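Asks: Below is a structure I'd like to ask you about.
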Amino acid sequence: MTSPTQPTASHFINGTYVEDTNGAPIDVIYPATGAVIARVHSATPEIIHQALSSAKAAQVDWARMSGTERGRILRRAAEMMRERNHELSVLETYDTGKPYQETSVADATSGADALEYFGGMAATLTGEHIQLGEDWAYTRREPLGLCVGIGAWNYPTQIACWKGAPALACGNAMVFKPSETTPLCALKVAEILHEAGLPAGLYNVVQGLGDVGAALVADAQVDKVSLTGSVPTGAKVYAAAAGSIKHVTMELGGKSPLIIFDDADLEAAVSGAILGNFYSSGQVCSNGTRVFVQKDVLEPFLERLTERLKGVVMGDPQDPAVNFGPMVSARQMQIVEGYIAKGRQEGARLVTGGARAARDGFFLEPTVFADVTDDMTIAREEIFGPVMAVLSFETEEEVMARANATEFGLAAGVFTRDLVRAHRVVAGFEAGTCYINTYNDAPVEMPFGGSKMSGVGRENAKAAIEHYSQLKSVYVRMTELEAPF
Ligand code: NAD
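Residue numbering for the sequence shown is 1 to 485, as defined by our numbering.
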């Protein structure tokens, strides 16, 4: 197949593209048209073996290099990603269907931020000295070894970098399996890392579905698994990793609350609700999809929201004027349509949207339901599409109990002008990532991750270092050693 989006080969192993057409074909579909734009092949056992063994071998020398040397390569890769931002954003848009307007500021740029941040941090990673009278101890911060990264389809470049950058900074090697729905972007990340000077074998990409992910997780050579995906997949991967006590990071799904009090700046609150429900057509794990609005401002909120949604521009996501793209796949569109039907059946009030857009591809209208109650399916389950559930509340105590009444705990947000209340509310949230008067910002300097069933571990910031390295403690006796006999 020849097309501008067709990669050189399906996999990237030991510093080069590798093909093995014995693996089952995976068609890559442009979500805006439904057209096949590339084809890759799932990794065979032989490809998986090659990827893991080349990573295992390369990691030994990489860990011996100084942090400064490792970091320099990552920072060079960050520069290259920024220089190639246009080309990478076009590819991200083909892979995911997200508008270029988004991908040009949120994907390769976010990946570059991670490479730059962890590239800078690599040289600062140290253990500590602990004085024990005349004796002393010290700790060495050591890599975990061979890390496996498994990605979801909504942010393929970002996920490949958020996992790869801290892993490499700490002296690990990585084998990354992108989602089968968006296999293209991670190959570019691998290519750029190696062009920036990364020794062969340290960042390998293999394609495939869940069975390839499971084979990677089960391999005895693997020391750590970092998954971004749904809760059911997380439970399987966590259990498989437990068999050989592998380290894990789990970035899973959510059904996050966004609380809007009646003293909030209403315009800002509407912006927060839009960003937290309709960015990337709602395919964001941390989205604030349960929007609790205090009773007095409910109707003004809905009016202003409906007005603002007139600014949605659907169309070819490669057109920089377009600000709303399709669902990533026909399957995801059908799942979301199912939830919209459930919302209607269970008695929610459809304020706007609710239908497929009259165009090719997997486009759904941005959809807002009001009069949603806590027991409705659309208020309980992760939809992962452009469907906002608006619920009303009267008191802070009531809304906090309702906001936390979920198995998920990824993110949560509050809009209010009362700062004491804002911090009190955030302290009460059972969620890993919280927002005051904003929603969904995820700078690399801030830890990101979930509590409860939304995950374990943290990505980004200094916190990620704890999940890609381990401490070795060394006791040094300077005094005479006594024994009882
Ligand atoms: P998914 O769980 O279906 O798949 C995620 C990845 O896991 C894919 O690469 C898939 O091939 C792989 N996989 C599936 N079964 C596996 C198994 N048994 N062993 C190993 N790997 C396996 O998720 P998705 O549909 O690709 O993505 C959407 C989900 O991801 C949503 O629930 C969303 O909330 C979540 N997500 C979370 C974050 C976060 O940071 N918390 C970010 C983005 C998406």
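Yeah, the Cβ is synthetic: ideal placement off N, Cα and C, and Gly gets one too.
This one's a predicted model, so the numbers in the text were calculated from it and none came from an experiment.
Hey, quick one: how far does the beta strand (DSSP E) through D223 stretch, first residue to last?
Replies: On the sequence shown, position 223 is the one that residue 223 refers to. That residue, D223, is in no beta strand (DSSP E); it is neither H nor E in DSSP.
Asks: Taking the CB atoms as reference points, tell me whether R290 and A379 lie closer together than 8 Å.
Replies: Your numbering for residue 290 matches position 290 in the sequence shown. Your numbering for residue 379 matches position 379 in the sequence shown. For R290 and A379, yes; Cβs fall inside 8 Å.
Asks: Quick one: using the 10 Å Cβ neighbour count with 16 as the cut-off for buried, is G197 buried or exposed?
Replies: For the purposes of this step, residue 197 is identified with residue 197 of the sequence shown, where counting begins at 1. Label assigned to G197: exposed.
Asks: In this structure, how does DSSP classify L209 when only helix, strand and coil are distinguished?
Replies: Translated into positions along the sequence shown, residue 209 becomes position 209. Residue state, collapsed to three classes: coil.
Asks: What is the C-beta distance between V175 and L52, in whole angstroms, given that I count them as a contact (C-beta under 8 Å)?
Replies: To locate residue 175, count along the sequence shown from 1; it is residue 175. To locate residue 52, count along the sequence shown from 1; it is residue 52. The pair is a contact, with the Cβ atoms about 6 Å apart (cut-off 8 Å).
Asks: Helix, strand or coil for C161? Go by DSSP, reduced to three states.
Replies: By 1-based counting over the sequence shown, the position of residue 161 is 161. Note: C161 maps to helix in three-state DSSP.
Asks: Please report the distance separating the alpha-carbon of L471 from that of P300.
Replies: Taking the sequence shown and counting its residues from 1, the one referred to as residue 471 is at position 471. Taking the sequence shown and counting its residues from 1, the one referred to as residue 300 is at position 300. Cα to Cα, L471 sits roughly 54 Å from P300.
Asks: To which residues does DSSP link H11 through a beta bridge?
Replies: Counted from its first residue, the sequence shown places residue 11 at position 11. Its beta-bridge partners are V18.
Asks: Within this structure, are the beta carbons of V248 and A239 separated by less than 8 Å?
Replies: On the sequence shown, position 248 is the one that residue 248 refers to. On the sequence shown, position 239 is the one that residue 239 refers to. No, they are not a contact pair.
Asks: Start and end of the beta strand (DSSP E) containing S454?
Replies: Counted from its first residue, the sequence shown places residue 454 at position 454. First-last for S454: undefined, no H or E at that position.
Asks: Pull up the distance between the alpha-carbon of V399 and that of V426, whole angstroms please.
Replies: Within the sequence shown, residue 399 is the residue found at index 399, counting from 1. Within the sequence shown, residue 426 is the residue found at index 426, counting from 1. One C-alpha to the other measures close to 12 Å.
Asks: Per DSSP, what are the beta-bridge partners of T139 in this structure?
Replies: In the sequence shown, the residue the question calls residue 139 occupies position 139. Answer is S473, bridged to T139.
Asks: Run through DSSP, which three-state label would Y100 get?
Replies: Counting from 1 along the sequence shown, the entry for residue 100 is found at position 100. Helix.
Asks: I think L146 touches L202, with their Cβ atoms under 8 Å apart; what is that distance to the nearest whole Å?
Replies: As a first step, residue 146 must be located in the sequence shown, where it is residue number 146. As a first step, residue 202 must be located in the sequence shown, where it is residue number 202. With 8 Å as the limit, L146 and L202 do not qualify as a contact, their Cβ atoms being about 10 Å apart.
Asks: Is it right to say P232 is buried, meaning 16 or more other beta carbons lie within 10 angstroms of its own, or is it exposed?
Replies: Locating residue 232 in the sequence shown gives position 232, where the first residue counts as 1. By the neighbour-count rule (16 or more Cβ atoms within 10 Å), P232 is not buried but exposed.
Asks: Residues in the same chain with beta-carbon distance under 8 Å from I37, minus the five sequence neighbours each way, listed in chain order, please.
Replies: Locating residue 37 in the sequence shown gives position 37, where the first residue counts as 1. Hits under 8 Å: S3, T5, Q6, V28, I29, Y30, Y94.
Asks: Whole angstroms are fine: how far does the CA of F429 sit from the CA of G409?
Replies: Along the sequence shown, one-based indexing puts residue 409 at 409. Along the sequence shown, one-based indexing puts residue 429 at 429. The straight-line gap from Cα to Cα measures roughly 8 Å.
Asks: Could you check whether G385 and Q345 sit closer than 8 Å to each other, using their CB atoms as the reference points?
Replies: Your numbering for residue 345 matches position 345 in the sequence shown. Your numbering for residue 385 matches position 385 in the sequence shown. No, these two residues do not count as a Cβ contact at 8 Å.
Asks: Is I465 near the ligand NAD, in the sense that its beta carbon is under 7 Å from a heavy atom of that ligand?
Replies: Residue mapping note: residue 465 aligns to position 465 of the sequence shown, counting from 1. No, the ligand NAD has no heavy atom inside 7 Å of this Cβ.
Asks: According to DSSP, which residues form a beta bridge with M174?
Replies: Residue numbering aside, residue 174 sits at position 174 when the sequence shown is read from its first letter. DSSP lists C147, Y203 as partners of M174.
Asks: For a minimum of 3 consecutive residues, which ranges assigned as the beta strand (DSSP E) are wholly contained in the region 309–358?
Replies: List check, beta strand (DSSP E) in window: 349–352.
Asks: If you run the structure through DSSP and keep just helix, strand and coil, what is V390?
Replies: Indexing the sequence shown from 1 puts residue 390 at position 390. Correct three-state label for V390: strand.
Asks: What does the alpha-carbon distance come out to for the pair G276 and L132?
Replies: Residue numbering aside, residue 276 sits at position 276 when the sequence shown is read from its first letter. Residue numbering aside, residue 132 sits at position 132 when the sequence shown is read from its first letter. Using only the alpha carbons, I get a separation of about 51 Å.
Asks: Closest to A357 by C-alpha separation, out of G23, T16, T33, would be which residue?
Replies: Locating residue 357 in the sequence shown gives position 357, counting from the first residue. Of the listed residues, the one whose Cα sits closest to A357 is T33.
Asks: CB of L125 to nearest heavy atom of the ligand ZN: below 7 Å?
Replies: In terms of ligand content, the structure shown lacks the ligand ZN and carries the ligand NAD instead.
Asks: With contact counted as at least three CB pairs below 8 Å, one residue from each stretch, are the region 52–62 and the region 104–116 in contact?
Replies: Not touching, per the Cβ criterion.
Asks: Assign E134 to one of three DSSP states: helix, strand, or coil.
Replies: Start at 1 with the first residue of the sequence shown, and residue 134 comes out as number 134. Here E134 sits in coil by DSSP.
Asks: List the DSSP bridge partners of Y117.
Replies: On the sequence shown, residue 117 is found 117 positions in, with the first residue counted as 1. DSSP, once it has assigned bridges, lists no residue as partnering Y117.
Asks: Say the cut is 7 Å; is the CB of G229 nearer than that to a heavy atom of the ligand NAD?
Replies: Reading the sequence shown from its first residue, position 229 is the one you call residue 229. For the ligand NAD, at least one heavy atom lies less than 7 Å from the Cβ of G229.
Asks: For the 8 Å Cβ check, are there 3 or more pairs between the region 453–460 and the region 248–259?
Replies: Judged by Cβ distances under 8 Å, the region 453–460 makes contact with the region 248–259, as three or more pairs qualify.
Asks: Using a threshold of 8 Å, state whether the C-beta atoms of M376 and A348 are closer than that.
Replies: On the sequence shown, position 376 is the one that residue 376 refers to. On the sequence shown, position 348 is the one that residue 348 refers to. Yes. Within cutoff.
Asks: Under DSSP, the alpha helix (DSSP H) around T68 begins and ends at which residues?
Replies: Translated into positions along the sequence shown, residue 68 becomes position 68. Here the alpha helix (DSSP H) through T68 covers 67–83.
Asks: Does DSSP classify Q50 as helix, strand or coil?
Replies: Residue 50 sits at position 50 when you count from the first residue of the sequence shown. Of the three classes helix, strand and coil, the one that applies to Q50 here is helix, per DSSP.
Asks: Quick check: is any heavy atom of the ligand NAD less than 7 Å from the C-beta of E430?
Replies: For the purposes of this step, residue 430 is taken as residue 430 along the sequence shown, with counting starting at 1. Flag unset: Cβ of E430 not near the ligand NAD.
Asks: Can you give the beta carbon distance from V336 to I383, rounded, assuming they're within the 8 Å contact cut?
Replies: Numbered from its first residue, the sequence shown carries residue 336 at position 336. Numbered from its first residue, the sequence shown carries residue 383 at position 383. The pair is a contact, with the Cβ atoms about 6 Å apart (cut-off 8 Å).
Asks: Buried or exposed for S469, please, with buried defined as at least 16 other CB atoms from any protein chain shown within 10 angstroms of its CB.
Replies: Reading the sequence shown from its first residue, position 469 is the one you call residue 469. By the neighbour-count rule (16 or more Cβ atoms within 10 Å), S469 is buried.
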